[in-house]
Amino acid sequence: MAQWSDQVALVTGGARGIGRATAELLAKRGASVCVNYVSQAEAAETLAKELLAGGARAIAVGADVSDAKSVEAMVARTEAELGPITILVNNAGISLKATLDTFDEGDFARMREINVDGVIHTTRAVMGGMRARRYGRIVNISSVAGIGTAAAGNAFYAATKAAVIILTRRFAMELGAAGITVNAVAPGFVRTDMTEAKLSPDEWERTSNQFAERAMTGRIGEVADIANAVAFFAAPEASWVTGQVLAVDGGRLDYIGHA
Ligand code: NAP
């Protein structure tokens, strides 16, 4: 049985938010970690130093996941410096709000390039090595929006996250026989820059209370809630769990339905 200390994890968008908590947790379990970033170079470098100080092997590597060539270069550098990648966490993502009335083609294209194409590029870049070694754990970060929650203004973002769910199942089919599992975590409303950055303190208070009321647990999510679920799928022991989508949403009540 593989050990956590044998693992090398690539976490896309690892410098902040859910990605950062995931990088920290995987390092704590004993994995070596590549913290990928696109804009937050300093935060990524600082995190890598913190992980090193905590006893893990870690590097920070810049790459835009929507650019296949940059992703290939990042994978090559990670494997040269840390060893073969055994865990891929596709966490990088953006959310641009719009309704049918305010739809912007460019915004939607950019979300697709990062949220969907990004998952394809990284998976293609690591799968050769994983197949050769007959071992891999791929964890995609989708969203409950992609399953069908009823929050307004994120229909097009939701479409990209629904795409992540079907890619998870289809990639699991394609890669399962090679010992590679592919699963998705679908977070509910979690406090990060994505949900908080553009809101005033009052707006944040109102919004977070609304989402807390929509959850059976009566609270919004913390980044650690999501990282824990990622670590479950990424674990060496999780070898017979694949093609699954785990909603980690505190028990969201506002799913669109016919009942
Ligand atoms: P966040 O704090 O805004 O972090 C987004 C991360 O994605 C950042 O680390 C960013 O890198 C990275 N990123 C964006 N574009 C990229 C690109 N082109 N190439 C590489 N990295 C890129 O948001 P978050 O909430 O932690 O989001 C993490 C994931 O969870 C996303 O996929 C998001 O859709 C999903 N999610 C979040 C929630 C929530 O409530 N927060 C709910 C459901 C799903 P830099 O730091 O370098 O800019």
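Residues 1332 to 1590 in the numbering used here are what the sequence shown lists, from first letter to last.
Cβ atoms here follow ideal geometry from the backbone N, Cα and C, with glycine treated the same way.
Straight-line gap, residue i to residue j (C-alpha atoms, nearest Å)
i: residue 1435; j: residue 1500; result: 29 angstroms
i: residue 1602; j: residue 1384; result: Not covered by the structure: residue 1602. The range shown for the chain is 1332 to 1590.
i: residue 1578; j: residue 1554; result: 14 angstroms
i: residue 1394; j: residue 1462; result: 23 angstroms
i: residue 1442; j: residue 1536; result: 27 angstroms
i: residue 1481; j: residue 1525; result: 18 angstroms
i: residue 1468; j: residue 1391; result: 20 angstroms
i: residue 1375; j: residue 1369; result: 9 angstroms
i: residue 1295; j: residue 1503; result: A query on residue 1295 cannot be resolved here, the shown segment of the chain reaching from 1332 to 1590 and no further.
i: residue 1477; j: residue 1494; result: 8 angstroms
i: residue 1361; j: residue 1354; result: 11 angstroms
i: residue 1549; j: residue 1586; result: 16 angstroms
Three-state secondary structure (DSSP) of residue i
i: residue 1518; result: strand
i: residue 1562; result: helix
i: residue 1572; result: coil
i: residue 1482; result: coil
i: residue 1463; result: helix
i: residue 1468; result: strand
i: residue 1583; result: strand
i: residue 1450; result: helix
i: residue 1475; result: helix
i: residue 1374; result: helix
Residue j beta carbon less than 8 angstroms from that of residue i
i: residue 1417; j: residue 1512; result: no
i: residue 1557; j: residue 1532; result: no
i: residue 1445; j: residue 1396; result: yes
i: residue 1378; j: residue 1366; result: yes
i: residue 1350; j: residue 1342; result: yes
i: residue 1547; j: residue 1506; result: no
i: residue 1521; j: residue 1552; result: yes
i: residue 1372; j: residue 1382; result: no
i: residue 1438; j: residue 1431; result: no
i: residue 1363; j: residue 1414; result: yes
i: residue 1429; j: residue 1484; result: yes
The ligand SAH heavy atom lying under 7 angstroms from the CB of residue i
i: residue 1347; result: In the structure shown, the ligand SAH is absent; the only ligands present are the ligand NAP.
- Query: Taking the runs of the beta strand (DSSP E) that are 3 residues or longer, which of them lie wholly in the segment 1384-1430?
  - Reply: Correct list: 1389-1393 and 1418-1421.
- Write down every uninterrupted run of the alpha helix (DSSP H) in the segment 1484-1545 whose length is 4 residues or greater and which is fully enclosed by it, in chain order. 1486-1506, 1524-1527 and 1532-1544
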